[in-house]
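Protein sequence lines, in the order shown, are assigned to chains A and W.
Throughout, this note's numbering is defined as the position within the first sequence, counted from one, plus 100.
Throughout, this note's numbering is defined as the position within the second sequence, counted from one, plus 124.
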Amino acid sequence: MVEKKIIKNEPVIELKKVSKAFGSKHVLSDCDLTIYKGESVVMLGQSGMGKSVSLRLMLGLMDVDSGSIKINGAEISNFTDEQFYKNNKKIGMLFQNGALFDSMSVWENVAFALLNVEKMNPEIAKKIAIEKLDDVGLSSKVADMMPAELSGGMKKRVGLARAIATNPEIIFFDEPTTGLDPIMSDVINDLIVRCVKQLGATALTITHDIASAKKIADRIVMLYNGKIIWDGKPADLSHPNNEYVERFVKGIAS
Amino acid sequence: MEIIRKIGVMGINFIHAVWQFLVFFMRAIHNFFSPPFYPKVLLRHILEIGFYSLPVVALTALFSGMVLALQSYSGFSRFSAEGAVATVVVIAITRELGPVFAGLMVAGRIGATMAASIGTMKVTEQIDALKTLSTNPFKYIISPRILAGILTLPFLVLIADIIGIFGGFLVGVDVLGFNPYVYIKNTYNSLEMMDVFVGLVKASAFGAIITSMGCYYGYYTEGGADGVGKSTTNAVVISSILILISNYVLTALFFNK
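Spelled out as structure tokens, the structure:
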């Protein structure tokens, strides 16, 4: 296991003055955020505040209106198609609903990048997929099942196994505990902490689940009205010195 | 004034949609020739379009040939030209009915399936997942399907031609009482390679239309289940209309002497 080490002078993800609007709705306005190597950052925010949009912008699935997003120092808006897909080899992503490929078995989902990008031998790829499934607490019996046969929690675990299958340097988690019961949420949180630590990866999780944030994060940021309005340690959430953050943590509307 | 404005907006939207489709199609064609290639995916779609569409295409062709023989006999008997039944069946099947009916059947079956499956992938973030897994969805999802359509439809139509002509033969001999030897001889004498060739060119064009429409509407699906439903309907309706229009254009191009 790699010992967790945050390297403060090595920014891995940098957002500078990022803005994004949909029609007249400004989702992000001059948003700044830096995530350092080895750091696990959680972005908190209400629904509709632009957390998912930020994530999609960082993944290059959407274009910024203005501002700059750098991954490992490279400006992603300048990427050609080839550079974009090459850059994604370093990235793992757990989607909110798993986004598992319906037409493929569980092991084919987990081994997708190994089979189709790294062109690995199917037998070796299956072996690695089963190891990754074991890492997320799923038995090898699940490997040949289809995604439709899995429960919500199992789908998240398979999604996590797929995200870590190529040992990425950066992992994004989109609402990893949404729709799960508290016990399963805790299991997923533990898995995220363990996987990120094991890989020595840099991670960004977006969620509105405070318990999850406290468990996963080295640092928590709060997104509100298109900007990061608060940045602190998980322990600081109890006394955030920010009225909105305090209300968010306590679940008070106004 | 309001009506003119609405017509203008509709016109602009139409031009935008056509342009967007052309860019989409050219991108798909470009990806036929640039690696990485996914031969297993291509093979799977060839099987899906060709092999699994065979029963429905064969049945349609068989009954088209049968009804064509019956109708042409009934029409030609008014001026004692019953002997032309075999000729009419073979020309109509190879030039028009084989490709058009096969195209329409495949549009209903494959166009709908493609739009629904790609649309579902879009709304459930599976296409985004592909991108994050360093896989270009155009190369993995779109191009193999369109290439499979272009390659497979001619084979389907060739089989439809044979079965359609056989349907005409069955009715001609068993119902209308033609001599089987004479019927086959008439069929053989009326069979022009150019007719078959043009039918196959049409089939390829229809294959491109069906698959690109299915992929296009699927890829640009928005919303949830409702969006998938709309995409599926649009893919089938638009590809059916385009099949009929392009059939006329190709016929005019090849047979307008």
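The beta carbon of each residue, even a glycine, is placed where N, CA and C say it ideally should be.
Coil, strand or helix - residue i by DSSP
i: A:A317; result: coil
i: W:F156; result: helix
i: A:D163; result: coil
i: W:S188; result: helix
i: A:D286; result: helix
i: A:I273; result: Per the sequence presented here, residue 273 of chain A reads as Phe, with Ile not at that position. Note: A:F273 maps to strand in three-state DSSP.
i: A:P268; result: coil
i: W:E126; result: helix
i: W:M134; result: helix
i: A:L280; result: coil
i: W:Y344; result: coil
i: A:S119; result: strand
i: A:T134; result: strand
i: A:K105; result: coil
i: A:G192; result: strand
i: A:M158; result: helix
i: A:M143; result: strand
i: A:S124; result: coil
With 16 other Cβ atoms within 10 Å as the buried cut-off, status of residue i
i: W:G135; result: exposed
i: W:S201; result: exposed
i: W:Y305; result: exposed
i: A:D274; result: buried
i: A:W330; result: buried
i: W:M318; result: exposed
i: W:G301; result: exposed
i: W:T357; result: exposed
i: A:L233; result: buried
i: W:R151; result: exposed
i: A:T180; result: exposed
i: W:V142; result: exposed
i: A:K137; result: buried
i: W:Y312; result: exposed
i: W:F138; result: exposed
i: W:H224; result: First, the residue type needs correcting, since residue 224 of chain W is Val and not His in the sequence shown. It is buried - the Cβ of W:V224 has at least 16 other Cβ atoms within 10 Å.
i: W:E316; result: exposed
i: W:M190; result: buried
i: W:P278; result: buried
i: W:L171; result: exposed
i: A:P282; result: exposed
i: A:S285; result: buried
Assumed close pair residue i, residue j - CB separation to whole angstroms, cut-off 8 Å
i: A:I264; j: A:P276; result: About 13 Å; that fails the 8 Å criterion.
i: W:L166; j: W:A272; result: 6 Å
i: W:L183; j: W:G288; result: Incorrect: roughly 11 Å between the Cβ atoms, too far for contact.
i: A:K186; j: A:E269; result: Not quite, the Cβ-Cβ distance comes to about 13 Å (not below 8 Å), so this is no contact.
i: A:S119; j: A:D130; result: 6 Å
i: W:G323; j: W:T259; result: About 37 Å; that fails the 8 Å criterion.
i: W:N310; j: W:T237; result: Contact doesn't hold; Cβ gap of about 40 Å is too wide.
i: W:V209; j: W:S196; result: 5 Å
i: A:G148; j: A:L323; result: So it is not a contact: roughly 11 Å between Cβ atoms.
i: A:L200; j: A:G259; result: 6 Å
Q. What residues in the segment 241–255 of chain W bring their beta carbon closer than 7 Å to a beta carbon of chain A?
A. T248, E249, Q250, D252, A253, K255
(Q) By the 7 Å beta-carbon criterion, what residues does the segment 200–214 of chain A contribute toward chain W? (A) F201, F212, A213
Q: Using a Cβ-Cβ cut-off of less than 7 Å, list which residues of the segment 225–237 of chain A approach chain W; keep chain order.
A: Taking 7 Å as the Cβ-Cβ cut-off, the segment 225–237 of chain A has no residue approaching chain W.
Q) If you scan the segment 178–234 of chain W from start to end, which runs of the alpha helix (DSSP H) of 4 or more residues do you find wholly inside it? A) 178–200, 209–216, 222–230
**Q.** Residue ranges of each alpha helix (DSSP H) within the segment 297–352 of chain A, 4 or longer
**A.** 310–316, 343–350
(Q) Output needed in chain order: residues of the segment 144–164 of chain A with a Cβ under 9 Å from some Cβ in chain W. (A) Across the segment 144–164 of chain A, CB contacts with chain W closer than 9 Å involve R156, L159, G160, L161, in sequence order along the chain.
Q | Complete alpha helix (DSSP H) runs within the segment 230–297 of chain W (minimum length 4 residues, chain order) | A | Runs found: 236–247, 250–256, 267–294.
Q | Sequence ranges, alpha helix (DSSP H) only - wholly within the segment 196–278 of chain A, length at least 4 | A | 206–210, 212–216, 222–235, 252–264
**Q.** Runs of alpha helix (DSSP H) lying entirely within the segment 307–373 of chain W, each at least 4 residues, in chain order
**A.** 317–343
Q | Residues from the segment 252–268 of chain A in contact with chain W, defined by Cβ distance under 7 Å | A | For the segment 252–268 of chain A, which is checked against every Cβ of chain W, not one residue is closer than 7 Å.
Q: Mind checking the segment 118–146 of chain A against chain W and listing, in chain order, the residues whose C-beta falls within less than 8 Å of any C-beta there?
A: none
Q | Where the segment 281–295 of chain A meets chain W: residues whose CB sits under 8 Å from a CB there | A | none
**Q.** Selection of the segment 332–344 of chain A by Cβ proximity to chain W, strictly under 9 Å
**A.** none
Q: Report the residues of the segment 256–278 of chain W with a CB closer than 8 Å to any CB of chain A, ordered along the chain.
A: Within the segment 256–278 of chain W, those residues whose Cβ lies closer than 8 Å to any Cβ of chain A are, in chain order, T256, L257, S258, T259, N260, Y264.
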